[in-house]
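Read through the structure below, which is laid out as structure tokens, and then see the notes.
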Amino acid sequence: MQGATHLAAVKSEMYQRHWERFYVRRPARVMSVSPGLSGITMRSCQVVDISQGGAALELTTAIGLSSHYYLQVLGLADRIGCAEAYRNGNRVGVKFICPIPEHVLHAIVRADFMMGDKVNKPAGTQR
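For the sequence shown, the UniProt record's numbering begins at 1 and goes up steadily by one.
What follows is the structure, encoded as structure tokens:
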């Protein structure tokens with residue numbers, strides 16, 4: 001870090017993860033409410049990874065998707081309120097409006113484990 005200021009070594013909570021991520025491949029649905037409450041749009045997706053604070057999703061298409069929606073993981077009755085953090089092609093990163101309870105996260109991870117699918121971490125990830 002030669003030539004950098006003293007602030008370059010300061011750690012910021014903004015760039016640190018708060019929760020542990022779990023790599024899963026769970027089918028889910030994204031439900032968004034149309035403007036003016038005129039209807040509900042549903043899309044199929046797949047949860048790539050999830051934590052108590054957010055998730056990465058793969059959609060068939062993200063065109064026309066609003067920035068706020070509900071995520072419903074198949075097999076669970078809970079709907080999780082989401083705000084979009086990033087969009088890169090068909091991959092969408094979301095932050096949950098409220099952190100999900102541990103028992104809901106464990107149910108998602110356990111269900112993925114019980115299915116027995118081998119999940120490979122995406123390329124370029126550490127851990």
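Backbone N, C-alpha and C fix where the C-beta goes; we use that ideal spot for every residue, glycine too. Just so you know, these numbers come straight off a predicted model, no measurement behind them.
- The C-beta distance from V94 to E84 rounds to 6 Å, short enough to fall under 8 Å.
- Of all alpha-carbon atoms in M31, I100, P27, W19, the one lying nearest the alpha-carbon of G75 is that of P27.
- In the DSSP annotation of this structure, the continuous segment of the beta strand (DSSP E) that includes G93 starts and ends at 91–96.
- The C-beta separation of W19 from G53 comes to about 5 Å, placing the pair in contact by the 8 Å criterion.
- Excluding residues up to 5 positions away in sequence, R29, M31 lie with their Cβ nearer than 6 Å to the Cβ of M42 in the same chain.
- Residue ranges of uninterrupted beta strand (DSSP E) with 3 or more members, entirely inside the stretch 19–54 and ordered along the chain, are 22–33, 40–50.
- Within the same chain, V24, R26, A28, A55, L57, V73 come within 7 Å of V47 by CB-CB distance, once the 5 residues on both sides are set aside.
- Your pair R21 and D49 checks out as a contact, with CB atoms roughly 5 Å apart and the cut at 8 Å.
- Here A62 carries a coil assignment [DSSP, helix/strand/coil].
- With fewer than 16 other beta carbons inside 10 angstroms of its own, I97 counts as exposed.
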